[in-house]
């Protein structure tokens with residue numbers, strides 16, 4: 003029977019204001035004008051009320067009620083932590099309480115939840131990883147051992163850089179693209195980074211909670227804790243990695259769906275099986291040895307059916323914005339202007355490109371659910387207008 007490793011991504015982007023082409027080049031404070039502070043406050047405070055505080059409280063209770071046998075891991079993005087500082091410091095304290103139990107690991111990522119790992123030059127990527135690592139150290143007194151890139155984006159190039167930065171493990175998607183017949187329920191080694199261990203998300207079991215829990219048309223609906231624990235205990239392999247957005251609890255699946263009842267009963271149901279146990283990501287990379295190598299010459303992710311980077315770079319509009327971001331960055335690096343650099347990094351957050359996806363069917367519905375725009379073309383025009391204004395400010399050397 004395998005170990006169970008549960009990991010949650012905790013992220014909130016700074017969504018953009020509506021910005022007209024006629025505003026480009028005007029004199030204003032971009033921190034006030036670029037971002038929709040009213041909408042961001044409403045959405046963050048709703049997530050605090052529906053997800054962060056009640057779920058943290060429940061997990062703390064479950065850790066205590068199971069004699070510290072229930073263990074989980076979190077990745078808190080830099081933008082999420084800045085929201086906590088400004089709007090809900092009690093949320094950060096509740097995460098600190100969880101870490102103090104010793105049953106919670108924290109995972110490093112890019113501070114701005116960016117696509118900087120896809121830049122030709124990885125210097126910006128490394129800077130954002132160090133920013134996030136330092137933020138985790140200062141807020142929690144915690145040294146993260148495991149890295150999870152934005153949306154689990156991974157390839158050989160990224161793995162090698164993460165090994166160089168001293169991490170012991172890295173998280174990505176257990177897609178058939180890289181595994182073929184092999185199971186995601188083992189630890190693997192990158193083909194070019196022998197000192198790094200790869201934890202692979204079991205996407206079927208993860209998505210059973212994240213995307214199918216409230217789907218009344220699903221053949222396994224309703225999903226109960228005892229049924230799910232039975233599935234986990236019957237898995238072959240050494241470790242089952244269950245990774246998802248934290249907002250799965252209370253936000254994407256409302257309390258009325260039974261999601262909190264499911265979480266409340268899950269640890270007890272899992273631990274009923276005598277050989278079942280929970281591990282954090284740190285414990286996973288310490289305890290298990292690789293059973294083989296994975297070779298990933300192309301970028302994969304945990305998003306959409308393709309499990310690649312097409313959710314952010316799948317059409318010409320997204321590529322145009324991404325290229326503009328890179329060009330602005332090249333201009334900025336020699337400026338030494340911290341305010342302009344901060345703006346550029348906030349605009350790197352992957353969500354801005356995610357909203358511009360033109361995919362259809364199930365993937366398109368998910369993009370639409372998260373987007374503040376009526377359609378991706380509106381998102382493209384708005385985002386590009388802001389990028390053009392930032393370019394003007396960088397060229398002029400002032401805000």
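In the working numbering, the protein residues as written are 3 to 401.
Even for Gly, the Cβ is constructed at its ideal location relative to N, Cα and C.
Keep in mind it's a predicted model, so treat the numbers as computed, not measured.
Residues of its chain near residue i, where Cβ-Cβ distance is below 6 angstroms and the 5 sequence neighbours each way are ignored
i: residue 195; result: 161, 162 and 165
i: residue 68; result: 269
i: residue 285; result: none
i: residue 255; result: 215, 216 and 261
i: residue 297; result: 193
i: residue 227; result: 264, 267, 268 and 271
i: residue 317; result: 360
i: residue 222; result: none
i: residue 149; result: 110, 164, 169 and 172
i: residue 231; result: 271 and 272
Cβ-based burial, residue i [other Cβ within 10 Å; buried from 16]
i: residue 51; result: exposed
i: residue 314; result: buried
i: residue 274; result: exposed
i: residue 258; result: exposed
i: residue 364; result: exposed
i: residue 271; result: buried
i: residue 236; result: exposed
i: residue 41; result: exposed
i: residue 183; result: exposed
i: residue 310; result: buried
i: residue 263; result: exposed
i: residue 224; result: exposed
i: residue 208; result: buried
i: residue 278; result: buried
i: residue 126; result: buried
Residue from the options with nearest C-alpha to residue i
i: residue 108; options: 26, 76 and 228; result: 76
i: residue 352; options: 385, 232 and 289; result: 385
i: residue 354; options: 242, 143 and 114; result: 114
i: residue 72; options: 86, 312, 105 and 96; result: 105
i: residue 153; options: 203, 168 and 35; result: 203
i: residue 396; options: 382, 372, 118 and 336; result: 336
i: residue 80; options: 19, 11 and 74; result: 11
i: residue 2; options: 45, 48 and 74; result: Absent from the structure is residue 2, since the part of the chain shown begins at 3 and ends at 401.
i: residue 330; options: 208, 346 and 219; result: 346
i: residue 145; options: 155, 168 and 43; result: 168
i: residue 248; options: 56, 224 and 16; result: 56
i: residue 45; options: 287, 304, 295 and 14; result: 14
i: residue 305; options: 131, 367, 49 and 233; result: 367
i: residue 92; options: 325, 66 and 54; result: 54
i: residue 185; options: 242, 29, 276 and 398; result: 242
Proximity of residue i and residue j at Cβ, strictly below 8 angstroms
i: residue 244; j: residue 252; result: no
i: residue 147; j: residue 170; result: yes
i: residue 176; j: residue 134; result: no
i: residue 211; j: residue 250; result: yes
i: residue 382; j: residue 323; result: yes
i: residue 350; j: residue 116; result: yes
i: residue 189; j: residue 181; result: no
i: residue 18; j: residue 38; result: yes
i: residue 94; j: residue 137; result: no
i: residue 158; j: residue 111; result: no
i: residue 156; j: residue 302; result: yes
i: residue 299; j: residue 199; result: no
i: residue 187; j: residue 219; result: no
i: residue 118; j: residue 58; result: no
i: residue 16; j: residue 392; result: no
i: residue 70; j: residue 103; result: yes
i: residue 289; j: residue 283; result: no
i: residue 191; j: residue 295; result: yes
Sequence-distant residues of its chain with Cβ nearer than 8 angstroms to residue i (five each side left out)
i: residue 387; result: 21, 22, 23, 25 and 26
i: residue 369; result: 313, 356, 357, 359, 361 and 378
i: residue 35; result: 19, 21 and 25
i: residue 321; result: 315
Own chain partners of residue i with C-beta closer than 7 angstroms, once the 5 adjacent residues on each side are dropped
i: residue 142; result: 98, 101 and 108
i: residue 334; result: 342, 343, 346 and 396
i: residue 246; result: 10, 208, 211 and 212
* To do: Give a yes or no on contact between the stretch 371 to 382 and the stretch 349 to 361, applying the rule of three or more CB pairs nearer than 8 angstroms.
  => yes
* Report yes or no: do three or more beta-carbon pairs, one from the stretch 3 to 18 and one from the stretch 340 to 347, lie closer than 8 angstroms? => no
* Asked: If we count Cβ pairs, one from each stretch, closer than 8 angstroms, do we get three or more for the stretch 116 to 123 versus the stretch 80 to 94?
  -> no
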